[in-house]
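Using this note's numbering, read the sequence shown as starting at 1 and increasing by one per residue.
Quick reminder that beta carbons are idealized off the backbone N, C-alpha and C, glycines included.
A short worksheet on the structure shown next.
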Amino acid sequence: MRARAVILAAKRTPVAPRGGAFKTLQADELAAAVIKALLAETGLPAEKVDQVIFGNALYGGGNPARMAALRAGLPASIPALTMDTQCCSGLDAILLGCRLIEAGAASCVIAGGMESFSRSPLRAHRPLDAAREPVSYQRPSFAPAPYEDPDLAVAAARLAEERGFSRQEQAAYTVQSHAKALAALALGAFDPELVCVEAGGSANTDRALRRDSYSRQLSQAVALRSPVLAGHAETALLSAATAVEADAAAAVLIASAEFAQSLKENLREISGPMIGISGGLSMGGNPGQPALVPTAAITELMARQGLEPRRYQQLELMEAYAPQAMATLQDLTFREDVVNPEGGALARGHPIGASGAILAVRLFHGLKKNQKKEAGEARGIAAIAAAGGLASVLSLQTEP
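Next comes the structure, spelled out in structure tokens:
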């Protein structure tokens, strides 16, 4: 019989734009702070962790998950794995952790994502001729055929043109994302999920960053004045409608239901309803238009669960570009009030390897609040697309 996986805790750092508050920190330093916070919040002894898994997209090797685990003080005997599926990396790490639990290969896993645009290494190809200089490049190829590997901003602008999403509509969506995030900040809605980190890696000091620093008052007029990144006049992609490059880390503590129950009996820090992982999957699609793959992935997940959009109380949808999120919502019938109810990545930023894990953390805490408010079962989905035509989705629901 397959073991049931539950999430006991979910934490993240604030999201800081590239070159901002976290510009001196490596990605593994941010991740280490999150690991420490998960253990502190649950009271779980570090030696009870069976595996650490983190997604990362920009570091190009070195197993930063292992660096983070050691930096956090976990025993050296605990293995750590870094995975790279670009934007899906953080959510895929959580899905992999869940599958280890379900297979009986682990009882307790810390899984999430980390990224530092600020400290990511510069990229260059080694020259074939030793007398030549290395050739720098901005990003790797995401598909073998050039026509299937457009710049992602160009792909988003193409989607906006195909769907008829005007610059005004893109700006309005972006303004709404910022407004929801600012309203949530004013209410302290993010406080339970955040671990404050200052330059140098310390937490909970007067100099620590205590909130997502990019969310701001944004007017339609200002958004429309932002530079055009790609596309044609009426449906051109605006820079304001693009999530900024950012630094952050996020992770969840996953356990088997049996292991979690034993912890609840022995650790007073773990109490109240648990959040179960009720499903999840990864899917491939057209590499030339990855923004459309989440629609197919969400549809497949709902079909497996035998549920319609109205049965979900929350959808945490990645907002790498406004047209990408708008297309998913155009294709599906989720109520507007359940989609990114406290703002999305347009108001936070996009730390590539961490973004999917941030969605999972946001969903975890959102469902906890929803259950307290409505005193009933609550379920939700986190969904993200990735370069190369990938998408990953995760479904959570509250449990007694």
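The Cβ-Cβ distance between residue 117 and residue 351 falls below 8 Å. Apart from sequence neighbours up to five positions away, the residues of its chain that approach residue 212 with a beta-carbon distance below 6 Å are 14, 15 and 348, ordered along the chain. The alpha helix (DSSP H) runs lying completely inside the stretch 304 to 364 and spanning 4 residues or more are 322 to 331 and 345 to 348, given in chain order. Beyond the five residues adjoining it in sequence on each side, residue 171 comes within less than 7 Å, by CB distance, of 220, 223, 224, 238, 240 and 241 in the same chain, given in chain order. Across the set 189, 145 and 319, the C-alpha of 319 shows the shortest separation from the C-alpha of residue 245. Between residue 64 and residue 27 the beta-carbon gap is near 6 Å, inside 8 Å, which marks them as a contact. Secondary-structure assignment with DSSP links residue 380 through a beta bridge to 314 and 396.
Counting C-beta atoms within 10 angstroms of its own C-beta, residue 177 has 16 or more neighbours from the protein chains shown and is therefore classed as buried. A contact is defined here as three or more CB-CB pairs under 8 Å, and the stretch 123 to 139 fails this definition with respect to the stretch 284 to 291. Each of 1, 35 and 119 was checked against the Cα of residue 25, and the nearest Cα belongs to 119.
The beta carbons of residue 364 and residue 35 sit about 16 Å from each other, so the pair does not count as a contact at 8 Å. Residues 292, 293, 296, 389, 390 and 391 of the same chain have their beta carbon placed closer than 8 Å to that of residue 285, with the five preceding and five following residues left out of the count. Contact fails between the stretch 181 to 195 and the stretch 329 to 338, because fewer than three Cβ pairs, one in each stretch, are under 8 Å apart.
Scanning its chain for C-beta atoms nearer than 8 Å, with the 5 sequence neighbours on each side dropped, one finds around residue 164 the residues 235, in chain order. Annotation: residue 323 to residue 367 spans about 26 Å, alpha carbon to alpha carbon. Per DSSP, the beta-bridge partners of residue 242 are 321. Separation of the CB atoms of residue 98 and residue 277 is rounded to 5 Å, and the pair is thereby assigned contact status at 8 Å. With a beta-carbon spacing of about 6 Å, residue 274 and residue 260 fall inside the 8 Å limit used to define contacts. For the stretch 22 to 105, the full-length beta strand (DSSP E) segments reaching 3 residues or more read 51 to 55 and 80 to 83 along the chain. Residues 278, 279 and 395 of the same chain have their beta carbon placed closer than 8 Å to that of residue 305, with the five preceding and five following residues left out of the count.
If you look at residue 161, you'll find it isn't in any beta strand (DSSP E); it sits in the alpha helix (DSSP H) that goes 152 to 163.
According to DSSP, residue pairing for residue 298 in a beta bridge does not occur. DSSP, read as helix, strand or coil, puts residue 281 in strand.
When secondary structure is reduced to three states using DSSP, residue 115 falls in the strand class. Secondary structure note for residue 12: its beta strand (DSSP E) is the uninterrupted segment 5 to 12. With a threshold of 16 other beta carbon atoms within 10 Å, residue 313 meets it and is buried. Looking at the DSSP output, residue 256 sits in a beta bridge with 5.
Between residue 29 and residue 138, the alpha-carbon positions lie close to 24 Å from each other. Within the model, the alpha-carbon separation for residue 149 versus residue 355 is close to 21 Å.
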